[in-house]
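Enquirer: Below: one structure in structure tokens.
In structure tokens:
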């Protein structure tokens with residue numbers, strides 16, 4: 165905001181220099197001389213001032229365009245998204261899945277993290293389904309195949325089941341402190357916002373970690 169305000173002021177001053185250089189000199193400098201008319205700059209000086217004013221306007225506009233472009237660039241958004249995913253899930257690699265059906269097929273799969281879908285970490289992953297309240301993050305070593313949600317006024321319990329698609333040694337989540345990439349994000353549509361209710365992992369019977 166400060167840069168925008170400064171740019172507007174600078175452009176306004178430069179426009180004054182271009183449109184009315186003599187008036188600008190009289191307002192800002194004439195008071196310093198006993199005889200202002202005898203010390204007034206020449207036409208050449210005024211014209212050089214006009215040229216400098218035009219150059220200033222052009223430079224400010226170019227600088228502003230570059231700042232706006234960089235601020236809204238897809239590359240910048242993607243970099244911020246990767247950083248946000250790294251902070252929330254321990255890895256910048258993630259993929260957005262469709263919600264698996266309810267059922268009991270597959271092995272128990274623990275919830276890695278959960279997050280609200282209104283964060284910048286979603287950039288580049290695709291659109292989140294309408295009505296999604298939370299995104300359940302699953303260790304990339306597993307392919308989720310079934311999800312059961314038990315929602316009460318006091319808590320929300322999410323139970324996941326699936327298949328380990330990595331080497332057998334990596335299937336035991338208790339032996340690892342980090343999730344394998346890509347973290348798999350599953351949309352969860354609740355009957356009511358989570359609010360202050362805990363989200364409990366039905367596989368471990370412990371409260372899941374929100375980030």
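Residue numbers (the working numbering): 165 to 375.
Idealized CB from N, CA, C, for every residue including glycine.
1. Tell me the residue span of the alpha helix (DSSP H) that contains residue 178.
2. For residue 192 versus residue 221, is the C-beta spacing smaller than 8 Å?
3. Please return the same chain residues whose Cβ sits closer than 6 Å to the Cβ of residue 319, not counting the five positions on each side in sequence.
4. Say whether the region 209 to 221 touches the region 302 to 309, bearing in mind that this needs 3 or more beta-carbon pairs closer than 8 Å, one atom from each stretch.
5. Taking the beta strand (DSSP E) that residue 271 belongs to, which residues open and close that run?
6. Whole angstroms are fine: how far does the CA of residue 184 sit from the CA of residue 198?
7. What ranges does the beta strand (DSSP E) occupy inside the region 295 to 323, keeping only unbroken runs of at least 3 residues that lie completely in it?
8. Between residue 315 and residue 349, is the Cβ-Cβ spacing less than 8 Å?
9. Starting from the Cα of residue 186, find the closest Cα among 172, 201, 273 and give me that residue.
Expert: In brief:
1. As a working note, residue 178 is residue 14 in the chain shown. 166 to 183 is the extent of the alpha helix (DSSP H) around residue 178.
2. Counting from 1 along the chain shown, the entry for residue 192 is found at position 28. Counting from 1 along the chain shown, the entry for residue 221 is found at position 57. Taking 8 Å as the Cβ cut-off, residue 192 and residue 221 do not qualify as a contacting pair.
3. On the chain shown, position 155 is the one that residue 319 refers to. So the qualifying residues of the chain are 361, 362, 364.
4. no
5. What you label residue 271 is simply residue 107 of the chain shown in a count that begins at 1. Here the beta strand (DSSP E) through residue 271 covers 271 to 273.
6. For this step, residue 198 is matched to residue 34 along the chain shown. For this step, residue 184 is matched to residue 20 along the chain shown. In a straight line, the C-alpha of residue 198 is about 22 Å away from that of residue 184.
7. 298 to 302, 306 to 315
8. By one-based count along the chain shown, residue 315 stands at place 151. By one-based count along the chain shown, residue 349 stands at place 185. No, the Cβ-Cβ distance between residue 315 and residue 349 is not below 8 Å.
9. In the chain shown, the residue the question calls residue 186 occupies position 22. Nearest option by C-alpha distance: 201.
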